[in-house]
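Asker:
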Amino acid sequence: MSLADSASLAPYPDPDTREHELDDLAASLGGEIVEYGRSREDRPLRALRLPSAGPAILCSANIHGIEYIASRVALGLLHGLCAGDPELQRLRARAELWVIPSINPDGYARTWAARGQGRLADMRANAAGVDLNRNFPRPGGAAPSRLPGAGSDRPGDATYRGPAPLSEPETAALDRLFAARRFHASVNLHSFMGTVIPARVSEREAYARYRELARVLAHAQPRVRYRRLAHRIFDTFTGEQEDHQHHAFGTWAVCLETFSLRASYTQHLRRPSVFWRFNPRDPAAWIANDVPGITAYFHAALELPPPPAASRRALPPGP
Ligand SMILES: [Zn+2]
Numbered sequence: 000m001s002l003a004d005s006a007s008l009a010p011y012p013d014p015d016t017r018e019h020e021l022d023d024l025a026a027s028l029g030g031e032i033v034e035y036g037r038s039r040e041d042r043p044l045r046a047l048r049l050p051s052a053g054p055a056i057l058c059s060a061n062i063h064g065i066e067y068i069a070s071r072v073a074l075g076l077l078h079g080l081c082a083g084d085p086e087l088q089r090l091r092a093r094a095e096l097w098v099i100p101s102i103n104p105d106g107y108a109r110t111w112a113a114r115g116q117g118r119l120a121d122m123r124a125n126a127a128g129v130d131l132n133r134n135f136p137r138p139g140g141a142a143p144s145r146l147p148g149a150g151s152d153r154p155g156d157a158t159y160r161g162p163a164p165l166s167e168p169e170t171a172a173l174d175r176l177f178a179a180r181r182f183h184a185s186v187n188l189h190s191f192m193g194t195v196i197p198a199r200v201s202e203r204e205a206y207a208r209y210r211e212l213a214r215v216l217a218h219a220q221p222r223v224r225y226r227r228l229a230h231r232i233f234d235t236f237t238g239e240q241e242d243h244q245h246h247a248f249g250t251w252a253v254c255l256e257t258f259s260l261r262a263s264y265t266q267h268l269r270r271p272s273v274f275w276r277f278n279p280r281d282p283a284a285w286i287a288n289d290v291p292g293i294t295a296y297f298h299a300a301l302e303l304p305p306p307p308a309a310s311r312r313a314l315p316p317g318p
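Quick note: the sequence shown uses numbering that gives the first Met the number 0, first residue 0, plus one each step.
1) Which residue marks the beginning of the beta strand (DSSP E) containing residue 55, and which one marks its end?
2) Considering only DSSP beta bridges, list what residue 36 is partnered with.
3) Quick one: what's residue 190 bridged to in DSSP?
4) Using the Cα positions of residue 35 and residue 43, report the straight-line distance between them to the nearest angstrom.
5) Grab the span of the beta strand (DSSP E) containing residue 66 for me, first residue to last.
6) At a threshold of 7 Å, does residue 66 count as lining ligand 1 (C-beta to nearest heavy atom)?
7) Per DSSP, residue 49 forms a beta bridge with which residues?
8) When you measure from the CB of residue 243 to every non-hydrogen atom of ligand 1, does any distance come out below 7 Å?
9) According to DSSP, simplified to helix, strand and coil, what is residue 31?
10) My output table needs one value for residue 10: the three-state DSSP class, helix, strand or coil.
11) Mark residue 152 as exposed unless 16 or more other C-beta atoms lie within 10 angstroms of its C-beta, in which case mark it buried.
12) CB-CB under 6 Å to residue 8, same chain, minus the five flanking residues each way: which ones, in chain order?
13) Starting from residue 158 and walking both ways along the alpha helix (DSSP H), at which residues does that stretch end?
14) Using the rule of at least 16 other Cβ atoms within 10 Å of the residue's Cβ for burial, across every protein chain shown, is residue 100 buried or exposed?
15) What does the alpha-carbon distance come out to for the pair residue 135 and residue 160?
16) When the Cβ atoms of the region 70 to 82 are set against those of the region 137 to 157, are three or more pairs found closer than 8 Å?
17) What's the call for residue 218, buried or exposed, on a 16-neighbour Cβ count within 10 Å?
18) Residue 251: which of 278, 293 and 287 sits nearest, CA to CA?
19) Where does residue 129 sit, in a helix, a strand or coil, going by DSSP?
20) Quick one: what's got a C-beta closer than 7 Å to residue 177's C-beta in the same chain, skipping five residues either side?
21) Confirm, please, whether the CB-CB distance from residue 64 to residue 109 is below 8 Å.
22) Quick one: using the 10 Å Cβ neighbour count with 16 as the cut-off for buried, is residue 82 buried or exposed?
23) Looking at the structure shown, is residue 82 part of a helix, part of a strand, or coil, going by DSSP?
24) Reducing DSSP to helix, strand and coil, say where residue 151 ends up.
25) Nearest by alpha-carbon distance to residue 57: which of 262, 264 and 240 is it?
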């Protein structure tokens, strides 16, 4: 393998190609591009909305810049719709689908510029070095957890939570979008643990509903079925997106870690760069595995009433 080959991130697209792909999908599907904010480096934060009279649902991805496969799976949902997948078409008919392929476009661009080689903390965070998935308000004002990975107060750490909740333009823009569009259900895509992590809930009924939603999701995965990691075992909240969505906005929300630990280590026992620990060489196989699961999860969530949100916020006036 030449030096150029070893530094290539193919088949993953560069940042501009990813945005053009979203434009093309919007045109093909008759969707609307919504710019819901700007990133810290002033890149547009973009969602594709497929208008419908039904409840709004959200598939978002790539809050961690290096997790390119997450972005591919989110776009894979839209490609599946274009190809006429019947379950996706049925979903579109009953819900207003929103897709955000990259919550953290600055992190994606920095990973691209570094050819995926460097420190994880630098490619995971936003341009201010903040782990955006530790930057949401903790439900009920819970104290920060001291568990490993739960978030750090030290700038430069891979899970640095930032100076304050919603201090970052990317999370603040999402919070405004969540308030304006009360999403009924949400999937937030990450890599590479091959797991489904529901919002952390202690109420028995919501906990049981999430167990069932995760079961439905895994059952629809044709090749690798992801196991559920229940957050009830952790002692507190960590500022993650799905917890904020569930508790502040009454959304059924799960984190899906695409690509499995086993597959990642089978791909490279010793990774050539941190990028190839997080991303499969063959994204198509994981899109084919995960899109049916995500689709089934949304269908099952649409059968449920919204979860009770203890700290649900009053809706602002206007759209
Ligand atoms: Zn992640």
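Don't be surprised by glycine CBs; every beta carbon is placed ideally from N, CA and C.
Answerer: So, to answer that:
1) Position 56 of the sequence shown, counted from the start, is the residue given in the question as residue 55. Per DSSP, residue 55 belongs to the beta strand (DSSP E) from 55 to 60.
2) Here residue 36 is taken as the residue at index 37 of the sequence shown, counted from 1. Beta-bridge annotation (DSSP): residue 36 is paired with 44.
3) In the sequence shown, counting from the first residue as 1, residue 190 sits at position 191. Residue 190 pairs with 257.
4) Looking up residue 35 in the sequence shown gives position 36. Looking up residue 43 in the sequence shown gives position 44. Rounded to the nearest angstrom, the two C-alpha atoms are 8 Å apart.
5) Within the sequence shown, numbered from 1, the residue matching residue 66 stands at position 67. Segment: none, residue 66 is in no beta strand (DSSP E) and carries neither H nor E.
6) Taking the sequence shown and counting its residues from 1, one reaches residue 66 at position 67. Yes; taking the cut-off as 7 Å, the Cβ of residue 66 has a heavy atom of ligand 1 nearer than that.
7) Position 50 of the sequence shown, counting from 1, holds the residue named residue 49. In the DSSP output, where bridge partners are listed per residue, residue 49 has 96.
8) Within the sequence shown, residue 243 is the residue found at index 244, counting from 1. No, Cβ of residue 243 sits at least 7 Å from all heavy atoms of ligand 1.
9) Within the sequence shown, residue 31 is the residue found at index 32, counting from 1. Residue 31: strand per DSSP, three-state reduction.
10) Residue 10 sits at position 11 when you count from the first residue of the sequence shown. Residue 10 falls in the coil class under three-state DSSP.
11) Looking up residue 152 in the sequence shown gives position 153. Looking at its Cβ environment, which holds fewer than 16 other Cβ atoms inside 10 Å, residue 152 is exposed.
12) In the sequence shown, residue 8 corresponds to position 9, counting from 1. The residues are 115.
13) Numbered from its first residue, the sequence shown carries residue 158 at position 159. Unbroken run through residue 158: none, as it is neither H nor E.
14) Mapped onto the sequence shown, residue 100 falls at position 101. With 16 or more Cβ atoms within 10 Å of its Cβ, residue 100 is classed as buried.
15) Counting from one through the sequence shown, the residue named residue 135 turns up at place 136. Counting from one through the sequence shown, the residue named residue 160 turns up at place 161. About 9 Å.
16) no
17) For this step, residue 218 is matched to residue 219 along the sequence shown. Residue 218 comes out exposed.
18) Along the sequence shown, one-based indexing puts residue 251 at 252. Per the Cα distances, 293.
19) Here the question's residue 129 lines up with position 130 in the sequence shown. DSSP places residue 129 in coil when its eight states are reduced to three.
20) Counting from 1 along the sequence shown, the entry for residue 177 is found at position 178. Taken in chain order, the residues that qualify are 244 and 248.
21) As a working note, residue 109 is residue 110 in the sequence shown. As a working note, residue 64 is residue 65 in the sequence shown. Yes. Within cutoff.
22) Working through the sequence shown from its first residue, we reach residue 82 at position 83. By the 10 Å Cβ count, residue 82 comes out exposed.
23) For the purposes of this step, residue 82 is identified with residue 83 of the sequence shown, where counting begins at 1. Of the three classes helix, strand and coil, the one that applies to residue 82 here is coil, per DSSP.
24) Locating residue 151 in the sequence shown gives position 152, where the first residue counts as 1. Strand.
25) Translated into positions along the sequence shown, residue 57 becomes position 58. Selected option, being the one with the closest Cα: 240.
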